[in-house]
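I have placed the structure first, in the form of structure tokens, so that the comments after it can refer back to it.
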Amino acid sequence: MTSFFRRLCGSAAVLAVVLALNFFLFRVMPGDPLTAIMDPRFSPEAKQQLAAQWGLNRPMSEQFAVYIKEMLSFRFGLSMMTGQPVWDELKNRVPNTVALLLPALILSAALGVWLGVKAALARGSKAERLVLVSGAISFSFPSFFVQLLLLLCFAYAWPVFPLRGTTSIPPPEGLITAFLDYLWHLTLPLLSLVLLSFGGWALYVRNMMVKTLGEDYVLMARARGLSRRRVVWNHAFRSILPPVLTIFLLSLPGVVSGAVITETVFSLNGAGRFLLEATNSHDYPSAGAAFFLLALLTVACNLLADLIYVLVDPRVRRVR
13 MTSFFRRLCG SAAVLAVVLA LNFFLFRVMP GDPLTAIMDP RFSPEAKQQL AAQWGLNRPM
73 SEQFAVYIKE MLSFRFGLSM MTGQPVWDEL KNRVPNTVAL LLPALILSAA LGVWLGVKAA
133 LARGSKAERL VLVSGAISFS FPSFFVQLLL LLCFAYAWPV FPLRGTTSIP PPEGLITAFL
193 DYLWHLTLPL LSLVLLSFGG WALYVRNMMV KTLGEDYVLM ARARGLSRRR VVWNHAFRSI
253 LPPVLTIFLL SLPGVVSGAV ITETVFSLNG AGRFLLEATN SHDYPSAGAA FFLLALLTVA
313 CNLLADLIYV LVDPRVRRVR
């Protein structure tokens with residue numbers, strides 16, 4: 013309990029640092045948010061009025077106090093790009109990001125784990141070499157290159173999937189038709205993320221399983237006459253399950269940050285693209301809120317990984 017409390021205190025300290033950096037780093041970056049949202053023909057007086065409207069003419073200490081209050085209350089203020097509440101903007105975009113990234117992470121992890129186990133059981137075979145080569149290739153290319161190539165092949169040259177957007181324009185009528193159209197637009201981005209991610213899982217699980225299958229307790233299980241399925245999944249795979257679950261949880265923030273590239277390439281209306289647009293336009297409230305939520309997700313996944321590690325590995329509970 014004491015150890016977990018220390019982790020909570022450390023997580024709170026990390027969030028405090030992130031909040032401070034989010035505020036100061038955006039304000040020392042080259043550029044001016046007013047330039048991005050105002051017409052160049054505006055008079056200096058109009059620019060001053062706009063700065064007063066967004067509170068940019070206040071002392072830095074007052075701006076920081078307002079910023080902390082908005083972040084901790086999860087109101088986040090108004091977006092400089094759209095003039096709408098940042099929370100409403102994120103609320104409209106986050107479901108699209110979750111609908112894309114969560115299935116992609118689950119599918120890539122499941123496919124990679126299955127291929128990794130099969131490769132470990134078929135050492136020296138063509139199947140293992142195929143898994144090793146395909147796994148190495150899958151994460152050797154830049155994600156934007158693979159995604160642009162998929163768009164060129166399957167959306168432009170052979171128009172099986174839509175070229176851009178989250179839904180068709182105009183949107184189809186009917187709930188079922190609109191839902192199928194939504195899935196149709198997410199299919200190619202989803203496939204691209206699975207292709208780019210499964211290889212790392214496959215190679216990691218294969219290496220872990222090769223080492224585990226040679227352990228004494230696995231050999232003893234075989235000697236006892238247990239079935240191959242029980243030896244593989246109940247003994248060998250169960251022993252590598254804690255690190256696999258830990259990596260699964262810790263990869264969530266990375267996948268979310270990777271949505272910036274995917275949603276930009278496929279022109280999806282998601283939180284990742286919103287983060288990129290907010291950063292490029294120096295939209296302080298929107299960018300600060302997006303990075304704060306990303307940091308919050310990272311800290312939460314780290315804490316959850318610690319809890320799950322204790323639950324799935326009794327040895328950790330005994331040590332603590």
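Residues in the sequence shown are numbered consecutively from 13, following my numbering. A virtual CB, placed ideally from N, CA and C, is assigned to each residue, including glycine. Keep in mind it's a predicted model, so treat the numbers as computed, not measured.
Asked: Please determine, among P255, L161, L306 and R141, the residue with the shortest C-alpha to C-alpha distance to L319.; Found: P255
Asked: Would you kindly check if the distance between the Cβ of L175 and the Cβ of L112 is under 8 angstroms?; Found: no
Asked: Do G124 and G266 count as a contact pair if the criterion is CB distance below 8 angstroms?; Found: no
Asked: For the segment 287-302 against the segment 185-200, do three or more pairs of beta-carbon atoms, one drawn from each stretch, fall closer than 8 angstroms, so that the two count as touching?; Found: no
Asked: Using the Cβ count rule (16 or more neighbours within 10 Å means buried), how would you classify G284?; Found: buried
Asked: Tell whether a beta-carbon distance below 8 angstroms holds between L280 and A299.; Found: no
Asked: DSSP three-state label for L175, please.; Found: coil
Asked: Indicate the three-state DSSP secondary structure (helix, strand or coil) for P97 in the structure shown.; Found: strand
Asked: By DSSP, does S269 sit in helix, in strand, or in coil?; Found: helix
Asked: Give the DSSP bridge partners of L90, in chain order.; Found: P97
Asked: Drop a sphere of 10 angstroms on the beta-carbon of P297, count the other beta-carbons inside from all chains shown, and report buried for 16 or more, exposed for fewer.; Found: buried
Asked: For the alpha helix (DSSP H) that A148 lies in, which residues bound it at each end?; Found: K138 to S150
Asked: Should A116 be labelled buried (16 or more other beta-carbon atoms within 10 Å of its own) or exposed?; Found: buried
Asked: Looking at the C-beta of Y321, does it have a partner C-beta in chain D at a distance below 8 angstroms?; Found: No chain D is present in this structure, which holds just one protein chain.
Asked: Counting pairs of beta carbons, one from the segment 213-221 and one from the segment 127-136, are three or more of them closer than 8 angstroms?; Found: yes
Asked: Please classify V30: is it buried, with 16 or more other beta-carbons within 10 angstroms of its beta-carbon, or exposed?; Found: buried
Asked: Near Q159, what residues of its chain come up, given a Cβ to Cβ distance below 6 angstroms and the 5 sequence neighbours on each side ignored?; Found: S204 and V277
Asked: List the whole-angstrom C-beta distance separating G67 from Q75, where the pair is believed to meet the contact cut-off of C-beta under 8 angstroms.; Found: 6 angstroms
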